[in-house]
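Structure first, then comments.
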Amino acid sequence: MTTEKHDTLILASSSPRRRELLQALGIPFTVMTSDVDETTAPGLSPAQVVEELSLRKAREVAARLTEGVVLGSDTIVVLDGHILGKPADEADAFRMLSMLQGREHTVYSGVALIDAASGRSEVAHSHTDVKIRPLSEAEIKSYIATKEPMDKAGSYAIQGIGATIVEGITGDYFTVVGLPLCLTSKLLARFGMPIL
Numbered sequence: 142m143t144t145e146k147h148d149t150l151i152l153a154s155s156s157p158r159r160r161e162l163l164q165a166l167g168i169p170f171t172v173m174t175s176d177v178d179e180t181t182a183p184g185l186s187p188a189q190v191v192e193e194l195s196l197r198k199a200r201e202v203a204a205r206l207t208e209g210v211v212l213g214s215d216t217i218v219v220l221d222g223h224i225l226g227k228p229a230d231e232a233d234a235f236r237m238l239s240m241l242q243g244r245e246h247t248v249y250s251g252v253a254l255i256d257a258a259s260g261r262s263e264v265a266h267s268h269t270d271v272k273i274r275p276l277s278e279a280e281i282k283s284y285i286a287t288k289e290p291m292d293k294a295g296s297y298a299i300q301g302i303g304a305t306i307v308e309g310i311t312g313d314y315f316t317v318v319g320l321p322l323c324l325t326s327k328l329l330a331r332f333g334m335p336i337l
């Protein structure tokens with residue numbers, strides 16, 4: 142059920158990582174940052190959280206437009222049923238990395254597309270299991286000193302220096318970076334914007 146061909150894709154995100162990943166697909170797009178409350182109702186599953194936030198971000202931007210397809214996305218890290226967002230400060234980053242070290246956790250990324258003209262929307266998610274190697278207190282402090290963890294869910298970036306602390310993954314690498322490209326390309330094709 143593909144709609145008419147669309148020419149305009151709008152990324153509802155200020156994330157440089159999502160921008161880089163979308164550029165890798167070779168599809169032209171513009172960026173409009175969404176401004177939404179990212180709190181969710183208690184009791185939602187991690188999949189429901191990322192889908193709701195992705196859709197909320199896309200809807201907020203789509204409401205300002207009369208045409209185009211808006212892409213919203215959200216990523217969370219989940220350990221023992223607890224969501225780890227971006228750290229509030231270096232102490233919070235230390236707390237998160239201390240919890241994650243030597244253990245496996247799951248990263249969820251949601252993707253939502255909305256046709257601004259018709260209001261039609263689709264949302265989906267992907268998840269990947271990530272194992273962080275055991276880390277000493279000194280290694281955690283050294284990583285935090287790079288400042289890389291400070292704007293990342295779970296306080297690490299698999300595509301940066303954080304790659305040195307990731308022992309392995311089961312699932313899609315791009316889900317961990319913040320935009321599952323295979324899932325995104327499937328959704329884009331349904332909106333008349335095929336990658337291949």
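Under my numbering, the first residue of the sequence shown carries the number 142, and numbering increases by one thereafter. Think of the CB as a built atom: it goes at the ideal place given N, C-alpha and C, for glycine as much as any other residue. Fair warning: this is a prediction, and the values are worked out from it, not measured in the lab.
Rounded Cβ spacing between residue i and residue j (contact assumed at less than 8 Å)
i: residue 270; j: residue 245; result: 6 Å
i: residue 200; j: residue 320; result: Not confirmed; about 18 Å, so no contact.
i: residue 268; j: residue 309; result: Not confirmed; about 15 Å, so no contact.
i: residue 322; j: residue 315; result: 5 Å
With 16 other Cβ atoms within 10 Å as the buried cut-off, status of residue i
i: residue 256; result: buried
i: residue 143; result: Residue confidence for residue 143 is low, a pLDDT of 43 falling below 50, so the modelled location carries little weight and cannot support an answer.
i: residue 209; result: buried
i: residue 230; result: exposed
i: residue 325; result: buried
i: residue 298; result: buried
i: residue 334; result: buried
i: residue 217; result: buried
i: residue 222; result: exposed
i: residue 243; result: exposed
i: residue 306; result: buried
Check whether residue i and residue j have beta carbons under 7 Å apart
i: residue 172; j: residue 196; result: no
i: residue 247; j: residue 219; result: yes
i: residue 294; j: residue 227; result: yes
i: residue 251; j: residue 211; result: no
i: residue 131; j: residue 182; result: Residue 131 lies beyond the stretch modelled for the chain, which goes from 142 to 337, so this question has no answer here.
i: residue 213; j: residue 253; result: yes
i: residue 238; j: residue 281; result: yes
i: residue 194; j: residue 215; result: yes
i: residue 170; j: residue 185; result: no
i: residue 285; j: residue 232; result: no
i: residue 155; j: residue 174; result: yes
Which residues DSSP lists as bridging residue i, in chain order
i: residue 150; result: 210
i: residue 254; result: 212 and 263
i: residue 224; result: 219
i: residue 272; result: 245 and 309
i: residue 171; result: 151
Q) Pairing CB atoms from the stretch 202 to 218 with CB atoms from the stretch 272 to 284, are three or more of them under 8 Å? A) Flag = no, the stretch 202 to 218 and the stretch 272 to 284 do not touch.
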